[in-house]
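Just below is one structure, and these are the notes that go with it.
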Amino acid sequence: MFHTDMFWTGTEKPGFTHKHGGQDKDTCRRLNVINLHCPMWRRLLLRGLSPVGTPKFPYPRHFSSPRLLTHSRGLAALWAFPPLDTGSFLSRTYKKDAKSTVDLPTSAITIADIKQYLRSKDVPFHDGFSCLHVPSIFMDSASRAERFSLFVDKTTGQFLCMGTQVEGSWEDLQDCLEVMQAEERDFLSPQVLLGYQESAEEQEQRERDAREVRGIWSASVPFSDLTEDETTLIKTMFQITKISNATLKKFGVRLFKPTKSLVFPWFGGPDSSLMGLKLLSAQSTADGVHYNEATVPKCTFYNNLFGLPLLSRMDANVVLTGRELDTLAVSQATGLASVALPRGVGCLPPALLPYLEQFKRVTLWLGGDMRSWEASKIFSRKLGLRRCWLVRPGEFRPCPGEALAQGKNLSHVVATAIPAAHKSIVSFKQLREDVYGEMVNTEEVAGVKWARFPELNKILKGHRKGELTVFTGPTGSGKTTFISELALDLCMQGVNTLWGSFEINNVRLAKIMLTQFAMQRLEENLEQYDFWADKFEELPLYFMTFHGQQNIKSVLDTMQHAVYLYDINHVIIDNLQFMMGQENLSVDKFAIQDHIIGAFRKFATSSSCHVTLIIHPRKEEDDRELQTASIFGSAKASQEADNVLILQEKKLVTCPGRRSLQVAKNRFDGDVGIFPLDFIKASLTFSTPIKGKHKLRKVATKPEEGDEAPPKKDAVKREKAEKQQSKTPKATQAAKNLATGSE
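Okay, so the sequence shown: first residue is 0 according to numbering that gives the first Met the number 0, each after it adds one.
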């Protein structure tokens with residue numbers, strides 16, 4: 000079984016020629032209508048993103064990068080490509096596949112284009128919240144439970160048939176409609192869309208995960224089979240004493256005794272088979288109880304809406320939570336339909352949107368902190384603002400699990416949620432609660448803290464969404480190396496990150512970041528490469544495949560798609576000068592730069608995404624420190640930026656501490672400052688030196704007449720050095736004299 004994210008190498012350009020038959024994609028499309036023996040190639044949905052840990056959707060879906068087979072090929076085609084097992088799930092890995100990339104379509108897909116094409120093919124559709132509802136072309140009219148059971152994503156064109164679980168790109172759907180029209184068919188069998196052959200490694204990984212899921216599930220125990228003391232202990236550990244055994248049984252929650260972990264099942268597919276598991280374990284620490292999550296298959300493959308099989312087609316309202324335990328609390332206390340996101344506030348995969356289309360009201364209650372509140376506002380854009388209602392965090396509105404434990408009225412909290420849609424003009428009455436929330440949660444409002452740069456936290460206070468950071472430094476000072484570690488620090492804390500490196504290629508950049516992640520040179524420890532690469536692959540880190548000069552529109556389109564698909568929170572552009580080469584040469588370069596900076600400023604605000612923009616400085620003297628005015632171009636860069644960071648370097652100094660980071664602008668609270676940095680070459684990392692560790696070296700000068708003589712201690716050292724030099728062999732001394740220019 001194959002998911003829908005099969006990737007080209009990233010080296011192909013629009014209009015490239017395939018190796019098979021030497022025909023381009025448009026030629027293959029035309030030949031597919033005429034000659035059905037020619038394999039059909041699929042243009043991928045996104046261009047410009049190369050993921051480290053690419054989300055893959057292990058639903059029982061029938062194809063990816065499909066070849067179109069028709070009944071005219073006879074039984075031989077079906078024997079060559081047997082039906083897939085819909086009861087198993089996919090867990091593909093790209094452990095050593097450095098070529099997996101995601102490409103944007105040659106021309107951006109718009110909702111107007113999709114509607115126009117469907118009308119040209121006389122295909123009826125309904126306009127939904129985030130998808131278009133289309134009659135399924137993979138089911139005959141007699142077996143259709145619902146007429147409009149195929150959903151087309153309005154933003155990407157990706158489609159999903161709910162009845163057969165067949166999915167694919169917008170171009171795949173176009174190809175199917177073309178063949179249906181050519182053969183005058185009413186529907187196509189789901190078996191005509193089949194994926195490419197799995198590799199031995201991929202098949203082995205999928206089977207291994209399937210065995211692990213079955214093993215854990217069979218070894219887990221329902222709560223009804225536990226003793227009263229065991230049940231009380233487990234519920235106390237996970238703070239769910241108010242959750243009844245009936246609710247746990249209803250959602251299929253079990254206990255895995257060897258690790259004392261709660262087991263949340265993932266049922267899906269046409270037959271509601273077991274597709275995966277999430278395990279929640281509790282660990283006692285000095286700071287309290289810490290909870291750890293683990294999924295099988297691993298997190299990038301895990302796309303479960305926990306509680307989805309319990310929903311009825313008649314349900315019009317649903318509560319969306321960030322944790323499985325919160326879904327249990329909402330369901331028990333309110334009786335409302337409730338589901339939990341697979342990765343909490345980290346991401347809402349667009350592949351899950353069709354499952355939420357039936358609901359006219361979606362209440363997002365993702366948690367009780369500011370990060371959950373920000374995620375609620377972002378997710379509501381995907382789901383459709385007009386039907387979304389948000390539960391504002393606060394003292395009286397914690398997460399559902401805590402609210403139930405505190406005896407609060409969860410039905411009242413859900414009923415008093417505020418609408419996500421808002422007008423362009425608001426009054427202070429509407430902003431009052433937001434202002435109060437920022438005052439109460441000052442630390443959370445300040446943003447995500449850096450773990451490797453505590454001094455930066457003291458000045459900037461944290462990394463915040465929706466801001467624009469301008470970063471500059473002298474050529475060769477290590478700007479890319481430093482900013483990669485700065486971004487890696489945040490990425491390790493769950494900040495979804497997109498890298499746009501136009502100056503150095505992605506392989507070299509990934510090598511730098513992997514070295515910083517492992518804190519060691521893996522070239523000298525190749526036996527540890529797979530271990531660290533597997534951990535690095537789990538990070539929510541993605542790379543644009545652009546290199547060299549690029550058009551600003553292509554870059555912004557890629558960024559916008561990345562925000563939609565992967566909920567990107569941080570974009571790094573390295574660097575601005577590479578954005579200017581593709582623009583009109585007749586226009587003033589400073590005007591071009593101002594336009595680009597304005598575009599990034601608008602993107603950061605509208606997408607609620609932090610943009611870090613690297614800009615080269617003007618040429619300055621080596622002995623002069625850079626200032627805000629040293630940033631290349633007009634003053635617009637520093638004016639538009641929320642933060643200005645300068646990597647200072649004393650080129651005439653070779654001792655440790657030659658580099659320092661200066662915060663020249665901080666719009667959040669106005670604090671600015673500078674602190675030294677040490678570069679550790681072995682791990683390619685920067686660190687803040689320990690106070691008092693490095694002292695400035697004084698330059699020795701000849702004493703003026705009347706000054707005190709040098710201390711006796713220094714005279715003794717000089718005398719020893721002269722004696723040591725006198726013992727040096729004459730040949731060596733002559734070579735040294737020649738090197739220094741002495742006679």
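Ideal Cβ placement from N, Cα and C applies to all residues, glycine included.
Taking a C-beta distance under 8 Å as the contact criterion, LEU225 and GLY477 do not qualify as a contact pair. About 7 Å separates the beta carbon of PRO349 from that of LYS381, a gap short enough to meet the 8 Å contact definition. Leaving aside the five residues that flank LEU521 on each side, the residues in its chain whose CB is nearer than 8 Å to its CB run, in chain order, LEU513, THR514, GLN527, TYR528, TRP531.
Shown here, GLY287 sits in a strand according to DSSP, grouped into three states. Residue state for ASP228 is assigned as helix, using DSSP reduced to three classes. Per DSSP, the continuous beta strand (DSSP E) segment holding LEU644 begins and ends at 642-648. Going by DSSP, ASP208 is part of the alpha helix (DSSP H) stretching over 199-218. Contact between THR326 and VAL317 is absent: CB atoms are separated by about 10 Å, not below the 8 Å threshold.
Among the bridge pairs identified by DSSP, GLN661 is matched with ILE645, ILE673.
For the options ILE572, TYR541, LEU575, the alpha carbon positioned closest to that of ALA561 is the one of TYR541. With 16 or more neighbouring CB atoms inside 10 Å of its own CB, THR299 falls in the buried class.
One alpha carbon belongs to ASP126, the other to GLU523, and they sit about 58 Å apart.
Under the DSSP assignment, TYR563 falls in the alpha helix (DSSP H) whose first and last residues are 551-565. Just so you know, the alpha carbons of ARG322 and LEU363 end up roughly 12 Å apart.
Contact check for LEU276 against PRO264 passes: the beta carbons are separated by less than 8 Å. In this structure ALA663 touches VAL671 by the C-beta definition: roughly 6 Å separates them, less than 8 Å.
Put simply, of ILE614, PRO189, ALA245, LYS588 the residue whose alpha carbon is nearest the alpha carbon of ASP139 is PRO189. Taking the C-beta atoms as reference points, PHE150 is found no nearer than 8 Å to PHE137. Under the three-state reduction of DSSP output, TYR541 falls in the strand class. Only residues of its own chain outside the window of five on either side were considered, and among them ILE551, MET578 have a CB closer than 6 Å to the CB of ILE595, listed in chain order. Under the criterion of beta carbons closer than 8 Å, ALA332 and LEU403 qualify as touching, at roughly 6 Å. Cα atoms of GLU211 and GLU466: separation of roughly 43 Å, rounded to the nearest angstrom. Rounded to the nearest whole angstrom, the C-alpha separation of ALA486 and ASP677 is 18 Å. In the structure shown, MET369 adopts helical secondary structure according to DSSP, grouped into three states.
Between PRO308 and PHE266, the beta carbon gap of about 5 Å places them in contact (Cβ cut-off 8 Å).
Within the same chain, Cβ atoms closer than 6 Å to the Cβ of HIS289 are found at GLN282, the five residues on either side in sequence being excluded. Bridge partners of ALA681 according to DSSP: none are assigned. Where ALA532 is concerned, there is no enclosing beta strand (DSSP E), although the alpha helix (DSSP H) around it starts and stops at 528-536.
Distances from the CA of ASP668 to each of LEU459, LYS601, VAL494, LEU365 were compared; the closest alpha carbon is that of LEU459.
Per the Cβ contact rule, the stretch 484-499 is not in contact with the stretch 430-444 (fewer than 3 Cβ pairs under 8 Å). Just so you know, the alpha carbons of ASP433 and SER483 end up roughly 33 Å apart.
Residue nearest to GLY214 within the set THR163, MET274, SER129, GLY493 is MET274 (criterion: CA-CA distance). Comparing alpha carbon positions, the residue from THR479, VAL494, ASN495 closest to ALA509 is THR479.
Listed in chain order, the non-local C-beta contacts of THR294 below 6 Å within the same chain comprise LYS277, TYR301, local neighbours out to five positions each way being set aside. In summary, SER148 is buried, with 16 or more beta-carbon neighbours lying within 10 Å of its beta-carbon over all protein chains present.
Straight across, the Cα-Cα distance linking LEU117 with CYS130 is about 14 Å.
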